[in-house]
Amino acid sequence: MSSAPALQAREVSMVFGGLRALNNVSLELAKGQIVGLIGPNGAGKTTFFNCLTGLYTPTSGQVLLGGTQLPGDPAEVTTAGLARTFQNIRLFPSMTVLENVLIGRHVRMKQGPLSSLLHGPAFQRGERAARERARELLDFVGLSRVEDELSRNLPYGDQRRLEIARALATDPSVLLLDEPTAGMNPQETEAARQLIFRIRDTGISVVVIEHDTKFIFTLCDRVTVLVQGELLVEGTPEEVRGDPRVVEAYLGKPPEEVQAVVEEITHGSAEGASGE
Ligand SMILES: Nc1ncnc2c1ncn2[C@@H]1O[C@H](COP(=O)(O)OP(=O)(O)OP(=O)(O)O)[C@@H](O)[C@H]1O
Ligand SMILES: [Mg+2]
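Here the sequence shown stands for residues 1 to 276, numbered as in the UniProt record's numbering.
Structure representation (structure tokens):
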């Protein structure tokens with residue numbers, strides 16, 4: 001059990017009508033690793049996360065967390081220890097920062113929402129512990145000072161960090177981050193990089209989707225490249241960066257040429273080559 005990879009996706013395929021969004025994509029994440037997932041717009045990166053987390057039921061393939069096959073239901077997947085953030089931020093805008101983290105924490109509490117009606121001592125203790133943990137996590141991501149703000153009032157970069165705190169509140173063994181630095185300035189991006197290292201240092205394994213390849217190559221232990229639903233290359237940042245297929249398909253060309261390749265690959269559906 002202890003030697004099992006933190007996360008293992010085996011030949012995952014996802015077909016939408018006539019579109020094969022993923023074709024036999026496999027990925028292995030060792031414990032304590034940070035793995036990057038890159039590829040042009042429409043390559044299937046978010047779809048892959050949706051298949052891992054039970055939001056989509058893959059057409060075929062298997063997903064194992066710590067050697068155990070994951071259930072197909074998103075809530076059960078979270079309880080099993082796989083947490084994620086979303087490319088399009090999904091917070092509760094009219095709740096405070098602290099409340100948003102508590103939502104994640106409730107996944108780990110024995111009392112269901114109904115027990116709050118009873119307000120017994122066990123409930124009170126549970127709530128206190130949950131608040132304490134939520135505050136620790138806000139401190140960890142650097143948002144303590146705004147715990148009582150409504151989340152909709154936070155700047156974009158802070159909302160992304162709040163999503164990470166909420167995901168961490170579920171006590172995951174593996175964290176999936178879908179474009180965590182989209183919309184961030186260079187300072188925020190660097191802070192996000194350091195935050196992901198610190199998350200890894202707590203023992204959580206991480207998969208990161210990003211368009212910013214410099215960010216990925218300086219953050220990740222291994223990188224997987226998806227193009228049109230196919231796994232193009234997998235390897236260390238050095239191997240991937242130097243692979244002629246990646247250079248050809250994705251990197252190392254002038255911006256206009258990269259854009260042209262991206263548009264060709266995504267059948268003209270690209271909205272832009274980068275995630276901001
Ligand atoms: N629910 C769905 N129904 C039909 N097609 C879908 C669905 N979800 C994704 N797709 C299609 O699957 C393909 C992959 O999309 P996906 O969002 O996974 O790409 P991506 O690599 O995350 O792109 P981006 O970098 O732009 O976020 C696209 O062609 C997309 O239109
Ligand atoms: Mg995406």
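Each residue gets a CB set at the ideal place from its N, CA and C atoms; glycine is no exception.
One residue after another in chain order, those with a Cβ under 5 Å from a heavy atom of ligand 1 are Phe16, Ala21, Asn41, Gly42, Ala43, Gly44, Lys45, Thr46, Thr47. Annotation for Asp178 indicates a beta carbon within 7 Å of some heavy atom of ligand 2. With a cut-off of 7 Å, the C-beta of Gln87 is classified as near ligand 2, since at least one heavy atom of the ligand falls inside that distance. Counting along the chain, Ala83 sits inside the beta strand (DSSP E) bounded by residues 82 to 84. In the DSSP assignment, the residues bridged to Phe16 are Leu19.
Within the DSSP bridge table, the entry for Val35 names Val207, Arg222 as partners. Per DSSP, the beta-bridge partners of Thr68 are Leu65. With respect to the 8 Å criterion, Ser205 and Val174 are classified as neighbours on the basis of their beta carbons. Around the beta carbon of Asn50, 16 or more other beta carbons lie within 10 angstroms, which makes this residue buried. Between Asp178 and Ile209, the CB-CB gap stays under 8 Å. A contact is defined here as three or more CB-CB pairs under 8 Å, and the region 7 to 24 meets this definition with respect to the region 58 to 66. The C-alpha of Met109 is placed about 13 Å away from the C-alpha of Thr78.
Short of 8 Å from the beta carbon of Arg90, and not among the five residues preceding or following it, lie these beta carbons of its own chain, in chain order: Glu163.
Shortest Cα-Cα distance from Asn23 to any of Asn41, Gly36, Leu7, Thr47 involves Thr47.
For Gly235, the enclosing beta strand (DSSP E) covers residues 230 to 235.
The criterion of a C-beta distance shorter than 8 Å is satisfied by Asp148 and Leu98. The C-alpha of Ala4 is placed about 5 Å away from the C-alpha of Gly66.
Judged by DSSP secondary structure, Leu177 falls within the beta strand (DSSP E) whose first and last residues are 174 to 178. Unbroken alpha helix (DSSP H) runs of no fewer than 4 residues, entirely contained in the region 96 to 148, are found at 97 to 105, 121 to 141, following chain order. The closest CA to that of Gln87, considering only Arg198, Asp201, Gly183, Arg193, is found on Gly183.
In the DSSP annotation of this structure, the continuous segment of the alpha helix (DSSP H) that includes Thr189 starts and ends at 186 to 201. The alpha carbon of Thr53 has as its nearest neighbour, out of Thr68, Asp73, Gly36, Ala43, the alpha carbon of Asp73. Assigned with DSSP and collapsed to three states, Asn50 falls in helix. When the alpha-carbon of Arg135 is set against those of Pro155, Val207, Thr96, the nearest one is in Thr96.
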